[in-house]
Ligand code: NAD
Ligand code: TYD
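In UniProt numbering, the protein residues as written are 1 to 340.
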């Protein structure tokens, strides 16, 4: 089995590459990543010397490059993590979200059609469903929930999903799609809420909480996401969408306070700032389909998972301090200038 995993130098992709390389020593794993600001080869250190692992730098939206690569490697499977992934960046500059998330996906799909594939898997997000109201805790996203996006990011992901499913229906391409809730865990880039709060709290810096901090996210440990994708690519039904989430809903304020408590830092660091435009109120997944069809169950509860994650950030300060001292510091100053 030869797999191309795209975006394997990012947060979830690098966790998934490590999972696959270690669990399936007889699979050839090719990590294809453009190494944008979010891609970091440090994330692959634990597997970079393994004989079944190879890294290739390249752009999923570069048609000539992708077709040459498929011609040469003839992969059996493609798992597409590569994306622009940050909502705030998509609000500031939507265009590269269309290029990578939509056109990158269609380029990969066309290459799969031309060279043949046993499985194409699209890593999508629960954000394609839009949001749920805070006063209806009985409501959850199922695979039948209509797509109803809010941000340029979620619109680009929904668009990509529609192309993936259209290529199944029109051309019979063997595809699956997964839509997961918010992930947390090792190698999470510090522009996202949890690592941003951990790194800034450790430096006794102000912690920007958008609006009133009442928005709810359904947090899933990245290892549980990787295990779910492993099950879907091997046992999932072609043409199907699988939602992934573990019923760990928390308000942003609860998450921030949990981190402050674990680090023994004062709540006075919290600073309520201007809200994100179009900010989704609540995400919550109904994972019944993947649980009943594929026997998936998350191993982590948020309380233990977040404690382990905080410990990982304490043990790997060089990893995130390197990021904070580079190009990212300009982003933070620009993005938060009018907020903090
Ligand atoms: P990330 O931003 O950490 O990583 C994205 C990776 O894609 C980076 O390594 C980057 O270099 C690479 N990349 C970007 N553009 C590329 C291109 N044109 N060609 C090749 N590589 C390119 O993202 P993440 O948080 O790990 O998310 C991975 C995937 O999972 C995304 O598709 C995202 O939509 C989806 N997802 C994320 C979450 C979450 O909570 N982070 C939840 C559900 C779904
Ligand atoms: P984020 O990690 O960007 O993920 P997503 O937008 O995909 O859910 O944000 C998680 C939540 O935290 C979201 O409701 C926005 C909020 N948030 C803040 O309050 N402050 C911040 O500085 C960031 C980055 C996010």
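Ideal Cβ positions, reconstructed from N, Cα and C, are used throughout, including at glycine.
query                                                                                                                                                                     : result
If we call anything under 8 angstroms between Cβ atoms a contact, is residue 239 one with residue 218?                                                                    : no
Taking the beta strand (DSSP E) that residue 3 belongs to, which residues open and close that run?                                                                        : 2-6
According to DSSP, simplified to helix, strand and coil, what is residue 60?                                                                                              : coil
Secondary structure at residue 297, three-state DSSP: helix, strand or coil?                                                                                              : coil
Could you check what DSSP says for residue 86 in three-state terms: helix, strand or coil?                                                                                : coil
CB-CB under 6 angstroms to residue 187, same chain, minus the five flanking residues each way: which ones, in chain order?                                                : 11, 14 and 43
Below 8 angstroms on the Cβ atoms is my guess for residue 124 versus residue 161; work out the distance and round it to an integer in Å.                                  : 5 angstroms
Flag this pair as yes or no: are the beta carbons of residue 87 and residue 122 separated by less than 8 angstroms?                                                       : no
Based on the DSSP secondary-structure assignment, which residues constitute the bridge partners of residue 53?                                                            : 29
I need the boundaries of the beta strand (DSSP E) containing residue 249, first residue and last residue.                                                                 : 249-251
Terminal residues of the continuous alpha helix (DSSP H) containing residue 159?                                                                                          : 152-171
Cα-Cα, which of 29, 338, 290 and 324 is closest to residue 231?                                                                                                           : 290
Decide if the stretch 201-220 is in contact with the stretch 251-261; the criterion is three or more beta carbon pairs, one per stretch, under 8 angstroms apart.         : yes
Near residue 227, what residues of its chain come up, given a Cβ to Cβ distance below 6 angstroms and the 5 sequence neighbours on each side ignored?                     : none
So is residue 82 buried or exposed if we call it buried at 16+ other beta carbons inside 10 Å?                                                                            : buried
Note the first and the last residue of the continuous alpha helix (DSSP H) segment covering residue 235.                                                                  : 222-235
Using a Cβ-Cβ cutoff of less than 7 angstroms, which residues in the same chain neighbour residue 270 once the five nearest sequence positions on both sides are dropped? : 207, 209 and 256
Exposed or buried, residue 311, counting other C-beta atoms within 10 Å across all chains shown (16 or more means buried)?                                                : exposed
Should the stretch 256-266 be called in touch with the stretch 297-312, which here means at least 3 C-beta pairs below 8 angstroms?                                       : yes
By the 10 Å Cβ neighbour count, where 16 or more other Cβ atoms means buried, how is residue 322 classified, buried or exposed?                                           : exposed
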